[in-house]
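With the first letter of the sequence shown counted as 1, position 42 gets the number 43 in this note's numbering; the numbers rise by one all the way through.
From the three backbone atoms N, C-alpha and C, an ideal C-beta is built for every residue, glycine too.
Nothing here was measured: the structure is a model prediction, and the numbers come from that model.
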Amino acid sequence: MLKLRRNLVEETLEKLDEMLCTSGKRSQKWNIENTVRKSLLTTMGMIEYKKTCFEEKKNGRHRYLLDEVMGIKLHARMTEDVEVKILEEAVETSYEKAGSKAVRNEKISRQTVKNKIEKLEIPIEREKSEKKREVKYLYVEADEAHVSLQYKEKRGDLKGKKYKGCELAKVVYVHEGKREGKKQAENRGL
Numbered sequence: 002m003l004k005l006r007r008n009l010v011e012e013t014l015e016k017l018d019e020m021l022c023t024s025g026k027r028s029q030k031w032n033i034e035n036t037v038r039k040s041l042l043t044t045m046g047m048i049e050y051k052k053t054c055f056e057e058k059k060n061g062r063h064r065y066l067l068d069e070v071m072g073i074k075l076h077a078r079m080t081e082d083v084e085v086k087i088l089e090e091a092v093e094t095s096y097e098k099a100g101s102k103a104v105r106n107e108k109i110s111r112q113t114v115k116n117k118i119e120k121l122e123i124p125i126e127r128e129k130s131e132k133k134r135e136v137k138y139l140y141v142e143a144d145e146a147h148v149s150l151q152y153k154e155k156r157g158d159l160k161g162k163k164y165k166g167c168e169l170a171k172v173v174y175v176h177e178g179k180r181e182g183k184k185q186a187e188n189r190g191l
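Written out as structure tokens, the structure reads:
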């Protein structure tokens, strides 16, 4: 069944390429340069088809119109659905198992799996928050406080401590400064 599906896809791609070659609209802007064979790994297995390289008449650029029409990336060796399967499998298993399970009867190397994962770009979505308030000055104050202790777990267990019966606590706080109340402003004559 898979072979039949692969043959059908190959024939369809070659028929589309032939239609591009015989198109009147294409001949107005593009010249036929040459034909090459392309291998592409799909979830059905490896497919091979002929595709034509076209040269743009205006500036001489070379392009494969069939790949552009079908959404196949330049120099792609596998389809996007294979890449998705590789990534799905790699989440659950090792790179080697992901490469062998992604496509039936085809083995993808663990290095290829690793490369696909490393090239993966995950956009970081930040929570939309309200606009943060800006302050002119931000004060950071640090101090220490001595806290009296009678005992930690039972009476007398703090004998070997540096501060007998006392614990040193570090205190840091951040603020925007003091706000003067009405009475303080009046006393200063403001």
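Cβ contact annotation for residue 56 (same chain, cutoff 6 Å, sequence separation greater than five): 32, 34, 63, in chain order.
Taking the C-beta atoms as reference points, residue 143 is found no nearer than 8 Å to residue 170.
Rounded to whole angstroms, residue 52 and residue 107 show a C-alpha spacing of 23 Å. Under the 10 Å beta carbon count, residue 121 is surrounded by fewer than 16 other beta carbons and is classified as exposed.
Looking only at 104, 127, 176, 91, the smallest Cα-Cα distance to residue 116 is reached by 91. In the DSSP annotation of this structure, the continuous segment of the alpha helix (DSSP H) that includes residue 27 starts and ends at 25-30.
By a beta-carbon distance limit of 8 Å, residue 14 contacts residue 67. Their separation comes to about 7 Å. Under the rule that a run must span 4 or more residues, the alpha helix (DSSP H) segments found entirely inside the region 11-77 read 25-30, 66-71. In the three-state scheme derived from DSSP, where H, G and I count as helix and E and B as strand, residue 139 is classed as coil.
With 16 or more other CB atoms across the displayed protein chains lying within 10 angstroms of its CB, residue 100 is buried. At the C-beta level, residue 177 and residue 139 come within 8 Å of one another. Under the criterion of beta carbons closer than 8 Å, residue 83 and residue 104 qualify as touching, at roughly 6 Å. Around the beta carbon of residue 125, a 10 Å sphere encloses fewer than 16 other beta carbons of the protein chains shown; the residue is thus reported as exposed. Under the three-state reduction of DSSP output, residue 121 falls in the coil class, being neither helix nor strand. The Cβ-Cβ distance between residue 79 and residue 42 falls below 8 Å.
For residue 73, the closest C-alpha among the options 136, 30, 39 is that of 39.
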